[in-house]
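What follows is a short report on a single structure.
2 protein chains.
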Amino acid sequence: MLPYTPEQGTLADIASHRLAQSIVTGELVQGQKLNEAELAERFGMGRGPLREALRHLEGMRLVTRVPNAGARVVVLDRKTLSDLYAVREALEGMACRIAAVQMTDADIDQLRKLLDRHEAQIKKEGGKVYAQNEGDLDFHYQIARGSRNQMLMDMLGSEQYQLLRMCRYRTSRNAERTRPALQQHRQIVEALAQRDGELAEMLMRRHIQGAWLSISEMIDKEEAA
Amino acid sequence: MLPYTPEQGTLADIASHRLAQSIVTGELVQGQKLNEAELAERFGMGRGPLREALRHLEGMRLVTRVPNAGARVVVLDRKTLSDLYAVREALEGMACRIAAVQMTDADIDQLRKLLDRHEAQIKKEGGKVYAQNEGDLDFHYQIARGSRNQMLMDMLGSEQYQLLRMCRYRTSRNAERTRPALQQHRQIVEALAQRDGELAEMLMRRHIQGAWLSISEMIDKEEAA
DNA sequence: ATTTTACTAATTGTCGACAATCTAGGTTAT
DNA sequence: ATAACCTAGATTGTCGACAATTAGTAAAAT
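In the order they appear, the protein sequences are chains A and B.
According to full-length UniProt numbering, the stretch in the first sequence is residues 1 to 225, in order.
According to full-length UniProt numbering, the stretch in the second sequence is residues 1 to 225, in order.
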């Protein structure tokens, strides 16, 4: 429960932000019913702005709405995540191919420094690095920025599909994949530095496929338990 | 101005639908200010549901909102469309590759019949075939369905990015591209029938690149005028 | 003549109350 | 005992009114 409200706009924007955060972090359980009156009370606002926020979250696919039956937190089942990772592979693969042409040398240097920070964080804390999944610190988002494609940046970044953040948040606990992931990130950056878009795309696709494999196994274990 | 309201849900859903339609068809001009009170009056509802609809459209990228300054219809400039078509190429290329494996023979037959209908329509009307861009009739949407990827279907179909419909609606007047497009559609279907995902993806990517080239030229002409 | 500033009108943001709809529990009939 | 039905409670959907902010205009000062 963050005490401060990160957004400065209208109440609906604030509610949207706080709700998204609560859903992504799992504070609001998957499939849970979202009671308008209760949430409005908790956020200290009327139901109007809150309903606008729910409509916004519906567009982000973080909640599902049924007319006259209210809104529920989305449930990330196996099929949904599988679909999500397939889409990611296509989008981020493309981002890499274009970024290899569009990024400046300075941009690529920035990426290297970002990975240095990640490495330091891993050595220090041993694995639980969710902080690197946020905003400008995110490696994948920086590559989307490198593609100079605003639509892609929106899709992978701030607004659209926070589903990914939600998924990564749930799976950031298993530390055994952070090191190989970092290694793959480094390979991608080197491909970008050599301006080899084809290679960068292939490396990114494999990286995402590997992430999906890891998550898939984790789901299997959970279902077995 | 359609006299009937196509949706049956809440007033916000109806408003969302009607607004989207008006924006896509160009009845509401790009960049136009959207006055809440005026629209609510026109739709015969209060401002509450209308605000919810605007929040929804904001998520669809059909309107841009600035706090305390209202909502405006999005403007499709050259860069935005370029970005959109790059994303399309990646997503629909993937859809083809997966659909080549996932579609049933019956699905592919359906696609063939759909193209037969399109051909008949072209011969009869000579080109202005916007009806085929709607819903289940849409060739591209049917392929997204064939991928069995729900996220992709959402993105390319009903909800997300109606920007594409908006763009296609504007450019559906130029009839000279409908025949080569149909030819390319047929090639794609044959690739799917042979279960050649690689080929189907490549053909779809070229098809979309061709469409972008055509649209790009059209924009050049408009800017020259 | 131009810039600044106060004022007014219009528009957005918000709230509380009421109507419509759904849900759950108990009651009655078979 | 089971199933259909009805009623009471809770929840969503909607509206109208009020507050807050912005934009435009006209007057005043430099």
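C-beta atoms are modelled at their ideal positions from N, C-alpha and C, and glycine is treated no differently.
**Prompt:** If you draw a straight line from the C-alpha of Leu-15 of chain A to the C-alpha of Asp-116 of chain B, how long is it?
**Reply:** The residue you call residue 15 of chain A lines up with position 15 of the first sequence. The residue you call residue 116 of chain B lines up with position 116 of the second sequence. The residue asked about is misnamed: residue 15 of chain A is Ala in this sequence, not Leu. About 50 Å.
**Asked** Can you list the beta strand (DSSP E) stretches of 3 or more residues lying completely in the region 47-94 of chain B, in chain order?
**Response** The qualifying runs are 63-66 and 70-73.
**Item:** Nonlocal neighbours in the same chain, by C-beta distance under 7 Å from Arg-112 of chain A, ignoring five residues either side
**Value:** Taking the first residue of the first sequence as 1, we reach residue 112 of chain A at position 112. For Arg-112 of chain A, same chain residues with a beta-carbon under 7 Å away, outside a window of 5 residues either side, are Val-189 in chain order.
**Gln-60 of chain B versus His-56 of chain A - alpha carbon distance** = Counting from one through the second sequence, the residue named residue 60 of chain B turns up at place 60. Counting from one through the first sequence, the residue named residue 56 of chain A turns up at place 56. Residue identity differs from the one stated: residue 60 of chain B is Met in this sequence, not Gln. Distance between the alpha carbons of Met-60 of chain B and His-56 of chain A: 10 Å.
**Prompt:** Does the count of Cβ pairs from the region 138-150 of chain A and the region 78-91 of chain B closer than 8 Å reach three?
**Reply:** Using a Cβ-Cβ distance cut-off of 8 Å, the region 138-150 of chain A and the region 78-91 of chain B are in contact, since at least three pairs of beta carbons, one from each stretch, lie closer than that value.
**Prompt:** Measuring CA to CA, which of A:Ala-193, A:His-207 and A:Ala-211 is closest to Gln-102 of chain A?
**Reply:** Taking the first residue of the first sequence as 1, we reach residue 102 of chain A at position 102. Gln-102 of chain A has its Cα closest to that of A:Ala-193, out of A:Ala-193, A:His-207 and A:Ala-211.
**Request:** Check whether the Cβ atoms of Glu-119 of chain A and Leu-182 of chain A lie closer than 8 Å to each other.
**Result:** Position 119 of the first sequence, counted from the start, is the residue given in the question as residue 119 of chain A. Position 182 of the first sequence, counted from the start, is the residue given in the question as residue 182 of chain A. With contacts defined as CB atoms closer than 8 Å, Glu-119 of chain A and Leu-182 of chain A qualify as a contacting pair.
**Asked** How many Å lie between Glu-52 of chain B and Ala-12 of chain B at the Cα?
**Response** Sequence index remark: in the second sequence, residue 52 of chain B carries index 52 (1-based). Sequence index remark: in the second sequence, residue 12 of chain B carries index 12 (1-based). Their backbone Cα atoms lie some 6 Å apart in a straight line.
**Prompt:** For Ala-106 of chain B versus Leu-62 of chain B, is the C-beta distance shorter than 8 Å?
**Reply:** What you label residue 106 of chain B is simply residue 106 of the second sequence in a count that begins at 1. What you label residue 62 of chain B is simply residue 62 of the second sequence in a count that begins at 1. No, they are not a contact pair.
**Request:** Identify each residue in the region 138-151 of chain B for which the Cβ-Cβ distance to at least one residue of chain A is less than 7 Å, and report them in chain order.
**Result:** Of all residues in the region 138-151 of chain B, Asn-149, Gln-150 and Met-151 have a Cβ within less than 7 Å of some Cβ in chain A.
**Distance, Ala-90 of chain A Cα to Arg-205 of chain A Cα** = In the first sequence, the residue the question calls residue 205 of chain A occupies position 205. In the first sequence, the residue the question calls residue 90 of chain A occupies position 90. Inter-residue distance for Arg-205 of chain A and Ala-90 of chain A is about 8 Å (C-alpha atoms, whole angstroms).
**Request:** List the residues that DSSP assigns as beta-bridge partners of Leu-34 of chain A.
**Result:** For the purposes of this step, residue 34 of chain A is taken as the residue at position 34 of the first sequence. Among the bridge pairs identified by DSSP, Leu-34 of chain A is matched with A:Ala-71.
**Candidates B:Ser-214, B:Asn-35, B:Ile-208 and B:His-17: closest to Ala-95 of chain B by CA position** = As a working mapping, residue 95 of chain B is identified with position 95 in the second sequence. Closest by alpha carbon: B:Ile-208.
**Ala-69 of chain B classed as buried or exposed, judged by whether at least 16 other C-beta atoms fall within 10 angstroms** = Residue 69 of chain B sits at position 69 when you count from the first residue of the second sequence. Result: exposed.
**Prompt:** In chain order, which continuous runs of the alpha helix (DSSP H) of length 4 or greater are located wholly inside the region 164-202 of chain A?
**Reply:** For the region 164-202 of chain A, whole alpha helix (DSSP H) runs of length 4 or above, ordered along the chain, are 178-193.
**Asked** How long is the line joining the alpha carbons of Val-75 of chain B and Gly-31 of chain B, rounded to whole angstroms?
**Response** Walking along the second sequence from the start, residue 75 of chain B turns up at place 75. Walking along the second sequence from the start, residue 31 of chain B turns up at place 31. Straight-line Cα distance between these residues: approximately 5 Å.
**Request:** Pick helix, strand or coil for Met-45 of chain A, following the three-state DSSP scheme.
**Result:** Residue numbering aside, residue 45 of chain A sits at position 45 when the first sequence is read from its first letter. Here Met-45 of chain A carries a coil assignment [DSSP, helix/strand/coil].
**Prompt:** First and last residue of the alpha helix (DSSP H) that includes Leu-28 of chain A?
**Reply:** By one-based count along the first sequence, residue 28 of chain A stands at place 28. Where Leu-28 of chain A is concerned, there is no enclosing alpha helix (DSSP H), given that its DSSP letter is neither H nor E.
**Request:** In the DSSP assignment, find the alpha helix (DSSP H) that holds Gly-146 of chain A and state where it starts and stops.
**Result:** As a first step, residue 146 of chain A must be located in the first sequence, where it is residue number 146. Element bounds for Gly-146 of chain A: 139-146.
**Asked** When Cβ atoms are compared, which residues of the region 6-28 of chain A fall closer than 8 Å to chain B?
**Response** Answer in chain order: Gly-9, Thr-10, Ala-12 and Asp-13.
**Asked** chain B beta carbons: is any one of them nearer than 8 Å to that of Arg-51 of chain A?
**Response** As a first step, residue 51 of chain A is located in the first sequence; it is residue number 51 there, counting from the start. Judged by the 8 Å Cβ criterion, Arg-51 of chain A is in contact with chain B.
**Message:** Nearest by alpha-carbon distance to Ile-23 of chain B: which of B:Glu-58, B:Arg-47 and B:Ala-99 is it?
**Reply:** Taking the first residue of the second sequence as position 1, residue 23 of chain B is located at position 23. The shortest Cα separation from Ile-23 of chain B among B:Glu-58, B:Arg-47 and B:Ala-99 belongs to B:Glu-58.
**Request:** Decide if Asp-138 of chain A is buried, meaning its Cβ has at least 16 other Cβ atoms within 10 Å, or exposed.
**Result:** Numbered from 1 along the first sequence, position 138 holds the residue referred to as residue 138 of chain A. Asp-138 of chain A counts as buried, since no fewer than 16 other beta carbons sit within 10 angstroms of its beta carbon.
**Request:** Tell me whether Val-66 of chain B is buried or exposed, calling it buried when 16 or more other Cβ atoms sit within 10 Å of its Cβ.
**Result:** As a first step, residue 66 of chain B must be located in the second sequence, where it is residue number 66. With fewer than 16 neighbouring CB atoms inside 10 Å of its own CB, Val-66 of chain B falls in the exposed class.
**Candidates A:Trp-212, A:Ser-214 and A:His-185: closest to Leu-199 of chain A by CA position** = Looking up residue 199 of chain A in the first sequence gives position 199. Residue A:His-185 holds the alpha-carbon nearest to the alpha-carbon of Leu-199 of chain A among A:Trp-212, A:Ser-214 and A:His-185.
**Message:** Using beta carbons (cut-off 8 Å, strictly below), is Phe-43 of chain B in contact with chain A?
**Reply:** As a first step, residue 43 of chain B must be located in the second sequence, where it is residue number 43. Not closer than 8 Å to any Cβ of chain A, the Cβ of Phe-43 of chain B fails to qualify, so no.
**Asked** For Gln-162 of chain A, does the three-state DSSP call read helix, strand or coil?
**Response** Sequence index remark: in the first sequence, residue 162 of chain A carries index 162 (1-based). Reduced to three states, the DSSP call for Gln-162 of chain A is coil.
**Request:** Report the residue from B:Glu-201, B:Arg-72, B:Asp-196 and B:Glu-217 whose alpha carbon sits nearest the alpha carbon of Leu-28 of chain B.
**Result:** The sequence position of residue 28 of chain B within the second sequence is 28, counting from 1. Ranking B:Glu-201, B:Arg-72, B:Asp-196 and B:Glu-217 by Cα distance to Leu-28 of chain B puts B:Arg-72 first.
**Asked** How is the alpha helix (DSSP H) around Pro-155 of chain A delimited, first residue to last?
**Response** Taking the first residue of the first sequence as 1, we reach residue 155 of chain A at position 155. This sequence places Met at residue 155 of chain A; Pro is not what is there. From DSSP, the alpha helix (DSSP H) with Met-155 of chain A extends over 150-156.
**Asked** Checking contacts by CB at 8 Å: is Tyr-130 of chain B closer than that to chain A?
**Response** Counting from one through the second sequence, the residue named residue 130 of chain B turns up at place 130. Confidence at Tyr-130 of chain B is low in this model, with a pLDDT of 49, below 50, so its placement is unreliable and no value can be given for it.
**From B:Pro-180, B:Met-218 and B:Thr-64, residue whose alpha carbon lies closest to that of Lys-33 of chain B** = Taking the first residue of the second sequence as 1, we reach residue 33 of chain B at position 33. Lys-33 of chain B has its Cα closest to that of B:Thr-64, out of B:Pro-180, B:Met-218 and B:Thr-64.
**Request:** Sort A:Arg-78, A:Glu-38 and A:Lys-124 by Cα distance to Val-179 of chain A and report the nearest one.
**Result:** Indexing the first sequence from 1 puts residue 179 of chain A at position 179. Reading the sequence as shown, one finds Arg at residue 179 of chain A and not Val. Just measuring C-alpha positions, the residue of A:Arg-78, A:Glu-38 and A:Lys-124 sitting nearest Arg-179 of chain A is A:Lys-124.
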